[in-house]
Amino acid sequence: MDPIPLVDYLVLDDGPYLVANECTRCQARYFDRRSGCAKCGGQEFRTVRIADTGTLRTFTIVHFAAEGVEVPFVAGIVDCDDGTSVRSNIVNVSPDPHDVRMGMKVRLTTVPVGVDESGVQAVGFGFEPAQ
Amino acid sequence: MAENVWILGIHMTKFGKHKDKDLLDLGAEAAIGALQDAGVSIADIGVIGAGNLMGAPGFGQLLQKQIGQTGVPVFNVANACATGATALRVAIMAIKAGEADTGLAVGVEKLAGAGLLTGNARATEGGHWVRDGRYGAVAALDGRVGTETMPGVFAQIGMEYGHKYGGADFELFASISEKNHAHSTLNPKAAYTKRLTLEEIMNDVMIAYPNTRPMCSANCDGAAAAVVISETKLRTLSREQQHRAVKVSASVLTSDPFQEACQVLPDVNTLTRQAAAMAYEQAGIGPEDLDLVELHDCFATAELVHYDNLQLCEPGGAVDFFKSGAPWRDGRLPVNVSGGLQSKGHPISATGIANIWEIATHLRGEAGDRQIPGAKVGLAHVIGLGSACGVHVLEKSGL
């Protein structure tokens with residue numbers, strides 16, 4: 002069985018890559034289902050593919066989280082090369098402030114989420130250092 | 024021209040653990056305390072703004088059933104951590120609109136032992152992946168798609184500022200917390216009054232780097248209430264009431280306007296900057312005129328950015344402002360002399376009135392050991408993530 006993405010805006014087929022709902026009027030981009038555009042009030046959106054490389058705008062290292070969340074982990078905001086900002090875990094880097102650098106180059110990758118009763122695997126995403 | 028509005032009476036309970044008091048005990052204690060401080064009774068109140076987030080719906084009416092069911096309108100409000108300021112703002116607006124000449128605002132929360140407040144922990148999936156919510160998620164996203172925890176969100180906000188302007192490292196953020204914990208030693212109403220060294224703060228449990236536990240707002244129980252009154256009505260009251268009253272020179276509430284990336288990482292800056300600019304204009308007072316500030320230091324990383332957002336420093340100059348010693352109680356512009364949310368505590372809905380109480384108490388010259396000498400003008404700021412920002416500028420009475 003094919004794996005399924007953690008969220009609607011992660012595309013696994015011929016990917017992985019992220020997609021956004023882009024307002025056709027003002028080009029503001031969103032990852033959730035939209036009722037309208039928060040920037041201009043527009044009602045029409047198109048699906049756009051997001052660049053899969055970017056730079057780390059900011060981060061934190063979470064040591065204390067809700068039950069079931071593995072800690073510590075690096076959480077951050079990535080400014081993708083097309084200007085779209087994405088919230089993501091920063092993976093394949095040690096959760097140490099000396100190893101995570103503001104402004105470092107990162108690229109999209111996938112991470113396993115789990116397998117359900119019928120054997121379907123869910124796959125999430127993260128950004129990892131791009132060397 | 025709308026009426027000027029004044030604070031006639033104000034009260035806050037001690038913040039901390041109140042095992043034997045429920046929401047109504049605390050709310051009534053604050054409300055009755057404010058009425059007594061004002062020298063009026065519940066029969067004089069024409070409108071009530073009531074704030075509570077974690078307790079019973081209809082808190083305002085439940086409170087009335089303890090302190091006086093007079094039939095006046097009650098507005099139960101919710102605006103995250105700005106709930107108290109919103110309740111106050113509602114009472115002020117009603118007076119400005121001429122619908123009442125005297126109003127009561129109350130905020131209360133029972134939060135002791137609440138632990139970490141996160142967005143998360145979705146109910147266990149039944150066994151098959153099911154898409155849910157506006158992201159079509161098959162599992163909880165907190166911890167899988169970045170962090171939704173408050174310490175983590177505000178850590179990123181502070182780190183972003185530090186990276187943009189430089190000079191903000193772990194030690195600097197911890198030093199901000201050191202200041203607030205030191206300030207709280209003079210505040211008998213604070214939940215925590217123990218001075219902590221920089222080393223103790225940095226070596227405490229890490230919650231979300233760079234915020235360790237004492238650098239996070241302290242969940243606790245507490246309530247605060249204020250009686251507000253029109254200037255016309257105030258002028259009919261006793262000379263002592265007029266003299267102790269505190270002028271509300273600005274009362275502003277904003278929400279977060281759209282900014283790039285604001286739906287990915289909440290933007291707590293723009294709405295605070297807008298609220299501050301509006302407040303200074305309303306008051307005809309600039310940041311250089313302030314004698315003290317209570318700002319929303321929900322995390323040490325948040326306090327830094329709000330120095331800048333509230334124009335307490337040059338743009339980009341928050342680190343230098345802190346390093347100059349300015350925000351210490353003996354500095355040029357004392358910030359959070361109450362101990363702030365990190366040490367005084369943060370019973371969410373009470374916070375936006377408790378910070379007004381702190382400022383008002385200094386302006387009245389009644390702050391005891393922690394009095395900022397000669398304080399005439401102060402500013403109180405809160406932010407509720409989501410977001411809502413309240414800014415009030417208060418002035419000592421010249422009546």
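First to last, the protein sequences are chains A and B. Each residue of the first sequence is one higher than the last, beginning at 2 in the working numbering. Each residue of the second sequence is one higher than the last, beginning at 24 in the working numbering. Cβ atoms here follow ideal geometry from the backbone N, Cα and C, with glycine treated the same way.
Can you give me the start and stop residues for the beta strand (DSSP E) that residue i sits inside?
{"i": "residue 248 of chain B", "result": "245-253"}
{"i": "residue 75 of chain A", "result": "74-81"}
{"i": "residue 97 of chain B", "result": "97-100"}
{"i": "residue 200 of chain B", "result": "Here residue 200 of chain B belongs to no beta strand (DSSP E); instead the alpha helix (DSSP H) covers 193-207."}
{"i": "residue 88 of chain A", "result": "86-91"}
{"i": "residue 265 of chain B", "result": "Premise fails: residue 265 of chain B lies in the alpha helix (DSSP H), 262-267, not in any beta strand (DSSP E)."}
{"i": "residue 40 of chain B", "result": "Unbroken run through residue 40 of chain B: none, as it is neither H nor E."}
{"i": "residue 126 of chain B", "result": "125-132"}
{"i": "residue 123 of chain A", "result": "122-130"}
{"i": "residue 229 of chain B", "result": "229-232"}
{"i": "residue 109 of chain A", "result": "106-116"}
{"i": "residue 111 of chain B", "result": "First-last for residue 111 of chain B: 106-119, but that is the alpha helix (DSSP H), not the beta strand (DSSP E)."}
{"i": "residue 221 of chain B", "result": "Taken as a continuous stretch (DSSP letters only), residue 221 of chain B belongs to no beta strand (DSSP E), being part of the alpha helix (DSSP H) at 221-226."}
{"i": "residue 65 of chain B", "result": "Here residue 65 of chain B belongs to no beta strand (DSSP E), and DSSP marks it neither H nor E."}
Ends of the alpha helix (DSSP H) at residue i?
{"i": "residue 49 of chain B", "result": "46-61"}
{"i": "residue 379 of chain B", "result": "371-386"}
{"i": "residue 177 of chain B", "result": "173-188"}
{"i": "residue 302 of chain B", "result": "293-306"}
{"i": "residue 360 of chain B", "result": "Note, residue 360 of chain B: premise wrong, no alpha helix (DSSP H); not H, not E."}
{"i": "residue 82 of chain B", "result": "82-90"}
{"i": "residue 157 of chain B", "result": "That residue, residue 157 of chain B, is in no alpha helix (DSSP H); it is neither H nor E in DSSP."}
{"i": "residue 30 of chain B", "result": "Per DSSP, residue 30 of chain B belongs to no alpha helix (DSSP H); it is in the beta strand (DSSP E), 28-35."}
Thinking residue i and residue j are a contact (beta carbons under 8 Å), I'd like their distance in whole angstroms, please.
{"i": "residue 335 of chain B", "j": "residue 356 of chain B", "result": "6 Å"}
{"i": "residue 7 of chain A", "j": "residue 124 of chain A", "result": "6 Å"}
{"i": "residue 197 of chain B", "j": "residue 225 of chain B", "result": "5 Å"}
{"i": "residue 385 of chain B", "j": "residue 395 of chain B", "result": "5 Å"}
{"i": "residue 360 of chain B", "j": "residue 333 of chain B", "result": "Not a contact, Cβ separation roughly 15 Å."}
{"i": "residue 387 of chain B", "j": "residue 269 of chain B", "result": "7 Å"}
{"i": "residue 273 of chain B", "j": "residue 243 of chain B", "result": "29 Å between Cβ atoms; not a contact."}
{"i": "residue 327 of chain B", "j": "residue 173 of chain B", "result": "16 Å between Cβ atoms; not a contact."}
{"i": "residue 248 of chain B", "j": "residue 54 of chain B", "result": "5 Å"}
{"i": "residue 369 of chain B", "j": "residue 207 of chain B", "result": "Their Cβ separation, rounded to whole angstroms, is 12 Å, which puts residue 369 of chain B and residue 207 of chain B out of contact at 8 Å."}
{"i": "residue 51 of chain B", "j": "residue 33 of chain B", "result": "About 15 Å; that fails the 8 Å criterion."}
{"i": "residue 80 of chain A", "j": "residue 110 of chain A", "result": "Not really, about 17 Å apart at Cβ, beyond 8 Å."}
{"i": "residue 75 of chain A", "j": "residue 49 of chain A", "result": "That pair is no contact at about 27 Å."}
{"i": "residue 200 of chain B", "j": "residue 237 of chain B", "result": "6 Å"}
{"i": "residue 128 of chain A", "j": "residue 91 of chain A", "result": "6 Å"}
{"i": "residue 314 of chain B", "j": "residue 399 of chain B", "result": "6 Å"}
{"i": "residue 125 of chain B", "j": "residue 250 of chain B", "result": "7 Å"}
{"i": "residue 83 of chain B", "j": "residue 71 of chain B", "result": "6 Å"}
According to the Cβ coordinates, are residue i and residue j closer than 8 Å?
{"i": "residue 62 of chain A", "j": "residue 330 of chain B", "result": "no"}
{"i": "residue 104 of chain B", "j": "residue 404 of chain B", "result": "no"}
{"i": "residue 73 of chain A", "j": "residue 96 of chain A", "result": "yes"}
{"i": "residue 47 of chain B", "j": "residue 85 of chain B", "result": "yes"}
{"i": "residue 287 of chain B", "j": "residue 410 of chain B", "result": "no"}
{"i": "residue 24 of chain A", "j": "residue 46 of chain A", "result": "yes"}
{"i": "residue 9 of chain A", "j": "residue 159 of chain B", "result": "yes"}
{"i": "residue 283 of chain B", "j": "residue 86 of chain A", "result": "yes"}
{"i": "residue 255 of chain B", "j": "residue 26 of chain B", "result": "yes"}
{"i": "residue 123 of chain B", "j": "residue 110 of chain B", "result": "no"}
{"i": "residue 2 of chain A", "j": "residue 120 of chain A", "result": "yes"}
{"i": "residue 188 of chain B", "j": "residue 414 of chain B", "result": "no"}
{"i": "residue 100 of chain B", "j": "residue 113 of chain B", "result": "yes"}
{"i": "residue 406 of chain B", "j": "residue 324 of chain B", "result": "no"}
{"i": "residue 277 of chain B", "j": "residue 305 of chain B", "result": "no"}
{"i": "residue 73 of chain B", "j": "residue 31 of chain B", "result": "no"}
{"i": "residue 36 of chain A", "j": "residue 169 of chain B", "result": "no"}
Anything in chain B within Cβ reach of residue i, meaning under 8 Å, just list it in chain order.
{"i": "residue 117 of chain A", "result": "148, 150, 151 and 152"}
{"i": "residue 40 of chain A", "result": "281"}
{"i": "residue 59 of chain A", "result": "179, 180, 182, 183, 186 and 288"}
{"i": "residue 90 of chain A", "result": "166, 167, 168 and 169"}
Please list the partners that residue i has in chain A, where partner means a Cβ-to-Cβ separation under 9 Å.
{"i": "residue 230 of chain B", "result": "63, 64 and 65"}
{"i": "residue 342 of chain B", "result": "Simply none; closest approach about 15 Å."}
{"i": "residue 277 of chain B", "result": "Within 9 Å Cβ-Cβ: nothing; residue 277 of chain B doesn't reach chain A, min ~16 Å."}
List, in chain order, every chain B residue whose beta-carbon is nearer than 7 Å to that of residue i.
{"i": "residue 33 of chain A", "result": "157 and 158"}
{"i": "residue 87 of chain A", "result": "287"}
Who are the neighbours of residue i on chain B, taking C-beta pairs under 9 Å?
{"i": "residue 10 of chain A", "result": "158 and 159"}
Give me the chain A residues within the contact set of residue i, using Cβ-Cβ distance strictly less than 7 Å, ordered along the chain.
{"i": "residue 424 of chain B", "result": "Because residue 424 of chain B is not part of the residues shown, which for chain B are 24 to 422, the question remains open."}
{"i": "residue 172 of chain B", "result": "63 and 66"}
Q | Any alpha helix (DSSP H) of 4 or more consecutive residues that is wholly inside the region 313-354 of chain B | A | Listed in chain order, the alpha helix (DSSP H) elements of length 4 or more contained wholly in the region 313-354 of chain B are 323-332 and 341-346.
Q: For the region 21-51 of chain A, list the beta strand (DSSP E) runs that are entirely contained and at least 3 residues long, ordered along the chain.
A: 46-50
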